[in-house]
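All residue numbers for the sequence shown refer to the working numbering, where the first residue is 1283 and numbers rise by one.
Down below is the structure, laid out as structure tokens.
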Amino acid sequence: QLPGREAPELALLEQDGLTLNVWAPEHGKDLPVAVWIHGGASTAGSGAQPTFDGTRFARDGVVLVTLNYRLGQLGFFAHPELPAGGNFGYMDMIAALRWVRDNIAAFGGDPARVTLMGESAGGMAVTALMASPQARGLFAAAVSQSAGESSMEPIDKAVAAGRELARAAGASDLAALRALPASALVDIPRDRTYAGPMLDGTTLVEQPSAAFAAGRAAPVPFLVGANDREEAAMARLTPEEAKRRLDGMFAAYPAHADAARHLYDVDHVGPVESLVRIISDAGSVEPARYYARQHPTSWVYRFSYVATKDRSTTPAAHHAAELPYVFGTAQWDMSAEDRQATDAVHGAWVRFITTGDPGWPAITTDKELINDFTNAGPVVMTDPLRARLDLVEAAKAR
């Protein structure tokens, strides 16, 4: 889930939870604070990656905190011998937010003006913590980027995965499992031994989408969105493989198949591009709209900007492409257009963190206004994908 140039870093990272990095202006008091949760499928990544350097945020008057949290089997684990709970990675995030509440004033930050932000699995964590009773009151605004819809596993499935992990590790009970080095657990394949974030009855008592739909999510200003071609990796498929997948999807949703063929222009753009668009919409773009529709005071962005150096080979913005623009940490020689795009995106995030409003109208179901960060600059408009997203929402039948 990380940009290609950052992937080699993951091999160097070890399990390192409850670690914070803080960037703050040299002088300041009662400044807005942003707490960043990295992505990586809840199994990889680090808050210390160069992309998440907070220098530019600090320069613009924001105290930025990035954090590490327990990942994989060490972060999300249930076992019949354990008391209630299992989302240890989320517990780390909540502990970090409590630390920020108690200590950020020493860095010039205002504990009453904390914005919780995250991307991909980190964005899912944001919506999960918005639904978590244990995190209530620990942040005053939230940003979820390219997260998709959080679907937490039931506790019984997580316990079954925990039992399988113990069996694979050769541990007869919880004490034997605890006696093993962390590396022995991390090296075990995750296919049957890892359930991921779960409804553990403590950090999470209901699906985040249900909490949003019922109006039980934290009542804070909410900025949410996705990139227009999140699943660009699907473009590596052959046309034959893409067609097989499309045919399978259409067979699974016969009532929506004809509309999907039309709205996704299958006959014109071909099976590969159609599949990229459908999976991007279903996985990230539509869920962002869904969460925004269910939550008062929500703003929706879309990121479709492509760096000038990549436009001959890259038609649109893939997963995680927005991150260097949000943080102002591009690792390439930026063109004037790239710098303008960075100023626009980063500036919107700073404004939201500072004021609770990113600078364009909040979403309403009648107008469905979004701000698309395009190659031509930011464009506030009625969502041009509305018909496609309506179809996806109907097919999901929530």
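For every residue, glycine included, the Cβ atom is placed at its ideal position computed from N, Cα and C.
- Apart from sequence neighbours up to five positions away, the residues of its chain that approach A1524 with a beta-carbon distance below 6 Å are P1553, V1554 and L1557, ordered along the chain.
- Under the three-state reduction of DSSP, F1585 is assigned to strand.
- Residue pairing from DSSP places F1504 in a beta bridge opposite A1424 and S1580.
- Cα atoms of V1345 and A1388: separation of roughly 11 Å, rounded to the nearest angstrom.
- The shortest C-alpha to C-alpha distance from P1415 to any of R1559, Q1489 and A1515 is the one to Q1489.
- For E1401, there is no enclosing alpha helix (DSSP H); the enclosing beta strand (DSSP E) has its first and last residue at G1391 to E1401.
- It is roughly 13 Å from the alpha-carbon of T1484 to the alpha-carbon of G1371.
- Using a Cβ-Cβ distance cut-off of 8 Å, the region 1412-1429 and the region 1390-1397 are in contact, since at least three pairs of beta carbons, one from each stretch, lie closer than that value.
- M1516 and E1308 have their alpha carbons spaced roughly 45 Å apart.
- In this structure, D1374 is the residue among G1357, F1339 and D1374 with its C-alpha nearest to the C-alpha of L1349.
- At the C-beta level, H1601 and S1465 stay beyond 8 Å of one another.
- Contact between A1599 and V1582 fails: their C-beta atoms lie close to 15 Å from each other, not under 8 Å.
- Between the alpha carbons of L1447 and A1541 lies a gap of roughly 44 Å.
- For W1631, the secondary structure class from DSSP, reduced to helix, strand or coil, is helix.
- Assignment of beta-bridge partners to M1480 by DSSP yields E1435.
- When DSSP states are grouped into helix, strand and coil, L1467 belongs to the helix group.
- Just measuring C-alpha positions, the residue of G1322, D1482 and N1509 sitting nearest D1438 is D1482.
- Within the same chain, Cβ atoms closer than 7 Å to the Cβ of E1650 are found at T1664, D1665 and R1668, the five residues on either side in sequence being excluded.
- Counting of Cβ neighbours within 10 angstroms places A1603 among the buried residues, the total reaching 16 or more.
- Between the alpha carbons of V1567 and A1623 lies a gap of roughly 21 Å.
- With a cutoff of 8 Å on beta-carbon distance, D1392 and P1314 are scored as near each other.
- Residue burial annotation: W1614 is exposed, with fewer than 16 other C-beta atoms found within 10 angstroms of its C-beta.
- The three-state reading of DSSP puts L1462 in coil, since its state is none of H, G, I, E or B.
- Non-local beta-carbon contacts of H1538 in its own chain, meaning distances under 7 Å to residues more than five positions away in sequence, involve L1673, A1676 and A1677 in chain order.
- Taking 8 Å as the cut-off, the beta carbon of A1493 is found closer than this to the beta carbon of A1413.
- In terms of CA proximity to E1512, I1561 leads the group L1300, P1471 and I1561.
- By the Cβ-count criterion, P1578 is exposed, with fewer than 16 other Cβ atoms from all chains shown falling within 10 Å of its own Cβ.
- As the crow flies, the alpha-carbon of Y1535 is around 49 Å from that of G1343.
- Check the Cα spacing between D1648 and each of D1563, M1531 and R1575: the tightest is with R1575.
- Taken atom to atom, the span from the alpha-carbon of G1367 to that of G1322 is near 22 Å.
- Our two residues, T1409 and S1428, have alpha carbons roughly 12 Å apart in a direct line.
- D1469 has its alpha-carbon roughly 18 Å from the corresponding atom of S1328.
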